[in-house]
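Residue numbers (this note's numbering), protein chains in the order written: chain A, 9 to 205; chain E, 9 to 205. We put the CB at the ideal spot given by N, CA and C, even for glycine. A quick note: this is a predicted structure, and the numbers were derived from the prediction, not measured. Below you'll find the structure, written out as structure tokens, and then a few comments.
There are 2 protein chains.
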Amino acid sequence: MTASVRRGRRPGAPDTRAAILDAARDQFAAQGFGRTTIRGVAGAAGVDPALVHHYFGTKQDLFVAALELPFDPREVIGPVAEQGIDGAAERLLTVFLGVWDDPELRPGLLGVVRGILEPGGPVLIRDGFLPAVVLPLATALGLDQPERRMPFVASQIIGLIMARYILEIEPLASLPADQVVAVVAPTIQRYFEMPLP
Amino acid sequence: MTASVRRGRRPGAPDTRAAILDAARDQFAAQGFGRTTIRGVAGAAGVDPALVHHYFGTKQDLFVAALELPFDPREVIGPVAEQGIDGAAERLLTVFLGVWDDPELRPGLLGVVRGILEPGGPVLIRDGFLPAVVLPLATALGLDQPERRMPFVASQIIGLIMARYILEIEPLASLPADQVVAVVAPTIQRYFEMPLP
Chain A
9 MTASVRRGRR PGAPDTRAAI LDAARDQFAA QGFGRTTIRG VAGAAGVDPA
59 LVHHYFGTKQ DLFVAALELP FDPREVIGPV AEQGIDGAAE RLLTVFLGVW
109 DDPELRPGLL GVVRGILEPG GPVLIRDGFL PAVVLPLATA LGLDQPERRM
159 PFVASQIIGL IMARYILEIE PLASLPADQV VAVVAPTIQR YFEMPLP
Chain E
9 MTASVRRGRR PGAPDTRAAI LDAARDQFAA QGFGRTTIRG VAGAAGVDPA
59 LVHHYFGTKQ DLFVAALELP FDPREVIGPV AEQGIDGAAE RLLTVFLGVW
109 DDPELRPGLL GVVRGILEPG GPVLIRDGFL PAVVLPLATA LGLDQPERRM
159 PFVASQIIGL IMARYILEIE PLASLPADQV VAVVAPTIQR YFEMPLP
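What follows is the structure, encoded as structure tokens:
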């Protein structure tokens with residue numbers, strides 16, 4: 009992990025950095041996460057692959073940077089996994105709603121959600137965000153068959169974003185975060201632990 | 009309920025009908041469901057209010073027609089409620105996935121979902137679809153405090169649409185409908201029946 013995807017000052021010459029990010033977004037959207045390479049992104053941006061590594065770290069770091077989230081989701085999710093499976097859903101939702109309820113962060117997050125419905129957006133989430141961010145959480149929690157469980161976890165979290173922050177359905181949109189957590193955490197915890205059909 | 013929102017032949021002169029629907033969509037989007045009136049829509053379309061009633065029935069009928077769904081959601085949801093609260097979530101999801109898994113219906117539904125993120129889209133869902141379609145289901149099921157429960161129901165259903173049909177997250181996207189129902193129905197049933205915080 010590098011500091012480059014955090015909020016605040018970003019290293020590197022702005023033009024070169026922006027060119028790499030543009031190339032990365034194009035390639036992740038066109039080819040998915042798996043088939044995109046640091047070398048290919050570097051080639052499209054006209055820079056040396058070592059410079060991409062220097063600015064952004066690993067391919068996963070580059071992917072998270074290309075999402076242009078207003079924070080690094082792995083820094084947020086890491087502590088959730090460290091405390092083990094008990095209460096993991098409650099911790100995940102508490103952290104998650106804390107981020108979305110932050111008025112400084114929300115505009116950037118809304119932009120990301122709108123991007124999902126643009127061409128290439130579904131690919132970025134499906135082939136990038138899930139394997140780069142969500143599945144590592146499931147693995148760190150020690151879940152069995154995480155790749156079968158996590159789409160259901162994602163479905164409830166994505167729907168909660170849509171209902172509370174995009175559609176602003178009341179009273180959910182105005183409910184204190186702890187009440188939302190009380191209702192939704194058992195759903196997520198069940199998707200973590202339930203026997204699969 | 010009228011036949012005008014079903015698939016198939018639609019009554020009324022096409023131009024007049026289209027003008028009424030255009031005016032209705034504008035006004036529902038700009039003012040929400042509550043403040044839109046049949047009289048106001050008729051005025052904007054340059055027709056007599058009686059003609060709007062004649063073509064579309066009630067304001068709720070007009071709203072559902074303006075959504076341009078490829079079916080009338082109330083005809084689908086009605087039988088779910090008639091059999092009572094036991095198993096209601098399982099029946100709702102089975103009907104719901106049956107509609108979405110129909111290759112003839114899905115393109116129209118995807119268009120509606122994309123419209124949610126356009127200007128006015130959230131208002132149509134929040135102030136129209138919920139009170140006109142979803143809350144009547146909750147009322148027919150005899151749920152207490154339906155207006156507090158249904159946003160959570162909506163959150164899981166909207167998220168399931170996004171994950172299975174828009175983002176096409178595997179293996180959820182390819183899972184047989186009955187397996188999806190087995191995983192998600194207990195979530196919805198709990199939102200129907202759980203004690204609220």
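Residue i burial status per 10 Å Cβ neighbour count (16 or more: buried)
{"i": "Q197/E", "result": "buried"}
{"i": "M158/A", "result": "buried"}
{"i": "A96/A", "result": "buried"}
{"i": "V13/A", "result": "In this prediction, V13/A has a pLDDT of 40, which is less than 50 and means its spatial position is unreliable; what the coordinates show is noted afterwards. Counting Cβ neighbours within 10 Å, V13/A comes out buried, since at least 16 surround it."}
{"i": "G167/A", "result": "buried"}
{"i": "Q35/E", "result": "buried"}
{"i": "Q91/E", "result": "exposed"}
{"i": "G69/E", "result": "Looking at the sequence provided, one finds Asp at residue 69/E rather than Gly. Result: buried."}
{"i": "T66/A", "result": "exposed"}
{"i": "P81/A", "result": "buried"}
{"i": "V189/E", "result": "buried"}
{"i": "E112/E", "result": "exposed"}
{"i": "L204/A", "result": "exposed"}
{"i": "R43/E", "result": "exposed"}
{"i": "R156/E", "result": "buried"}
{"i": "M170/E", "result": "buried"}
{"i": "A53/A", "result": "buried"}
{"i": "A58/E", "result": "exposed"}
{"i": "A50/E", "result": "buried"}
{"i": "A26/E", "result": "exposed"}
Chain-ordered neighbours of residue i on chain E, where CB pairs are closer than 7 Å
{"i": "F71/A", "result": "Those within 7 Å of F71/A in chain E number zero; the least Cβ separation is about 16 Å."}
{"i": "R25/A", "result": "Ordered by position in chain E, no residue passes the 7 Å Cβ test against R25/A, which lies about 28 Å from the chain."}
Reference residue i; option with closest CA among the options
{"i": "A148/A", "options": "I133/A, V88/A, V192/A and G116/A", "result": "V88/A"}
{"i": "S163/E", "options": "V191/A, F200/A, P154/A and T66/A", "result": "V191/A"}
{"i": "G40/A", "options": "S182/E, A185/E, D186/E and I177/E", "result": "I177/E"}
{"i": "L183/A", "options": "I133/A, A27/A, M202/A and L105/A", "result": "L105/A"}
{"i": "D56/A", "options": "T24/A, V72/A and L118/A", "result": "T24/A"}
CB-CB length for residue i against residue j, believed under 8 Å
{"i": "G116/E", "j": "L175/E", "result": "Not confirmed; about 19 Å, so no contact."}
{"i": "G150/A", "j": "I85/A", "result": "About 15 Å; that fails the 8 Å criterion."}
{"i": "W108/A", "j": "Y173/A", "result": "6 Å"}
Contacts of residue i in chain A (Cβ-Cβ under 9 Å)
{"i": "R43/E", "result": "Simply none; closest approach about 16 Å."}
{"i": "I207/E", "result": "Beyond the ends of chain E as shown, which are 9 and 205, falls residue 207/E; an answer cannot be given."}
Partners in chain E for residue i, counting only beta-carbon separations shorter than 8 Å
{"i": "Q164/A", "result": "S163, Q164, G167 and T195"}
{"i": "P130/A", "result": "I174, L175 and E176"}
Contact set between residue i and chain E, taken where Cβ atoms lie within less than 9 Å
{"i": "V55/A", "result": "What V55/A touches in chain E: nothing, since even the nearest Cβ is about 31 Å away."}
{"i": "R33/A", "result": "By Cβ distance, chain E contributes nothing, its closest Cβ being about 17 Å from R33/A, past 9 Å."}
Contacts that residue i makes with chain A (C-beta to C-beta distance below 8 Å)
{"i": "Q187/E", "result": "P205"}
Contact list for residue i against chain A, beta-carbon separation under 7 Å
{"i": "R134/E", "result": "L175, E176 and I177"}
Contained alpha helix (DSSP H) runs [length at least 4] in the stretch 33 to 118 of chain E, N- to C-terminal order:
Within the stretch 33 to 118 of chain E, the complete alpha helix (DSSP H) runs of at least 4 residues are 46 to 53, 57 to 64, 67 to 75, 81 to 90 and 96 to 108.
Which complete alpha helix (DSSP H) runs does the stretch 153 to 182 of chain E hold, if anything under 4 residues is left out?
Within the stretch 153 to 182 of chain E, the complete alpha helix (DSSP H) runs of at least 4 residues are 154 to 169.
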